[in-house]
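K.L.:
For the sequence shown, my numbering begins at 315 and goes up steadily by one. Think of the CB as a built atom: it goes at the ideal place given N, C-alpha and C, for glycine as much as any other residue.
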Amino acid sequence: MAGILAVLDNKATSARKLSLARFDICGLSLNSTEDALRGILSGVFRGQDLVGQFSATEFLLLSDELDGTEMAQSINIVRRAFEERYGREGTLLVGIATLEPGHNSVEELLARAEQSLQDDRRQYQVEGLLGLSRVLGSSVSVQSESTLSPGLWKV
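Right, here's the structure in full:
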């Protein structure tokens with residue numbers, strides 16, 4: 315976890331813009347979560363975006379090229395791909411936040427991403443009760459690979 319937070323702190327002080335997606339994967343075995351996310355993200359995001367494990371089932375994706383709207387559009391593509399691959403076997407919850415240099419601290423960015431993740435969790439519960447599709451109607455308001463910290467990868 316320290317590796318991704320160090321990169322986040324560094325990028326927050328140097329990037330023009332920075333978007334953060336916080337993923338929580340539920341229902342898959344712990345050994346499968348990284349592989350599941352890695353495979354899907356590599357088909358959507360570019361090679362300079364970084365992903366790191368934040369907790370046992372949570373991951374952070376950092377992009378200094380996407381604004382909040384672009385990140386939300388990309389996340390909806392990720393949601394569809396996840397649902398197509400795992401169906402009801404697993405659940406992908408996502409929170410996003412965008413840092414504007416000089417306006418937010420890393421702590422505020424993480425807190426906003428956490429709040430967005432909790433909002434997504436509540437929306438998922440409501441959609442499940444109503445029998446709605448997780449994707450339809452859902453929206454979510456550099457270094458070389460060899461020098462990355464352990465647990466970080468490019469997508």
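Looking at Ala411: is its Cβ nearer than 8 Å to the Cβ of Ala427?
P.N.:
Translated into the one-based positions of the sequence shown, residue 411 becomes position 97. Translated into the one-based positions of the sequence shown, residue 427 becomes position 113. Taking 8 Å as the Cβ cut-off, Ala411 and Ala427 qualify as a contacting pair.
K.L.:
Between which two residues does the beta strand (DSSP E) harbouring Leu344 extend?
P.N.:
Translated into the one-based positions of the sequence shown, residue 344 becomes position 30. No beta strand (DSSP E) holds Leu344; the alpha helix (DSSP H) holding it covers 344-355.
K.L.:
Out of Asp323, Gln429, Phe337, state which residue places its alpha-carbon closest to the alpha-carbon of Phe373.
P.N.:
Start at 1 with the first residue of the sequence shown, and residue 373 comes out as number 59. Nearest option by C-alpha distance: Phe337.
K.L.:
Rounded C-beta distance between Leu514 and Leu424? I'm assuming under 8 Å.
P.N.:
The displayed coordinates of the chain run from 315 to 469. Any statement about residue 514 would go beyond what the structure contains.
K.L.:
Per DSSP, which one or two residues make a beta bridge with Ser333?
P.N.:
Along the sequence shown, read from residue 1 onward, the residue named residue 333 stands at position 19. Ser333 pairs with Ser377, Thr412.
K.L.:
Do you know how far the Cα of Leu322 is from the Cα of Ser419?
P.N.:
For the purposes of this step, residue 419 is taken as the residue at position 105 of the sequence shown. For the purposes of this step, residue 322 is taken as the residue at position 8 of the sequence shown. So the two alpha carbons sit approximately 10 Å from each other.
K.L.:
Leaving out the 5 sequence neighbours to the left and right, which residues in its chain are closer than 7 Å to Ser447 when beta-carbon positions are compared?
P.N.:
In the sequence shown, residue 447 corresponds to position 133, counting from 1. Unreliable positioning characterises Ser447 in this predicted model, as indicated by a pLDDT of 48, which lies under 50. A coordinate reading is not provided.
K.L.:
Going by the CB atoms, is the gap between Cys340 and Thr371 shorter than 8 Å?
P.N.:
As a position in the sequence shown, residue 371 is number 57, starting the count at 1. As a position in the sequence shown, residue 340 is number 26, starting the count at 1. It is a contact, given that the beta carbons lie within the stated cut-off.
K.L.:
Between the Cα of Val392 and those of Ser430, Leu351, Gln439, Asn324, spot the shortest distance and give me the residue it belongs to.
P.N.:
Here residue 392 corresponds to residue number 78 of the sequence shown, with the count starting at 1. Among Ser430, Leu351, Gln439, Asn324, the Cα nearest to that of Val392 is on Leu351.
K.L.:
Do Leu375 and Leu406 come within 8 Å of each other at the CB atom, strictly closer than that value?
P.N.:
For the purposes of this step, residue 406 is identified with residue 92 of the sequence shown, where counting begins at 1. For the purposes of this step, residue 375 is identified with residue 61 of the sequence shown, where counting begins at 1. In this structure, Leu375 does not lie closer than 8 Å to Leu406 by Cβ.
K.L.:
Determine, using beta carbons only, whether Gly317 and Gly357 come nearer to each other than 8 Å.
P.N.:
The count along the sequence shown starts at 1 and reaches residue 317 at position 3. The count along the sequence shown starts at 1 and reaches residue 357 at position 43. It is not a contact, given that the beta carbons lie outside the stated cut-off.
K.L.:
DSSP beta-bridge partners for Gln437?
P.N.:
Along the sequence shown, one-based indexing puts residue 437 at 123. None; Gln437 has no bridge partner.
K.L.:
Let's test the definition: count the other Cβ atoms within 10 Å of the Cβ of Val408 and tell me whether it reaches 16, buried, or not, exposed.
P.N.:
Taking the sequence shown and counting its residues from 1, one reaches residue 408 at position 94. Val408 comes out buried.
K.L.:
Measure the C-alpha to C-alpha separation of Asn324 and Ala386 and round it to an integer number of angstroms.
P.N.:
The count along the sequence shown starts at 1 and reaches residue 324 at position 10. The count along the sequence shown starts at 1 and reaches residue 386 at position 72. Roughly 23 Å between the two C-alpha positions.
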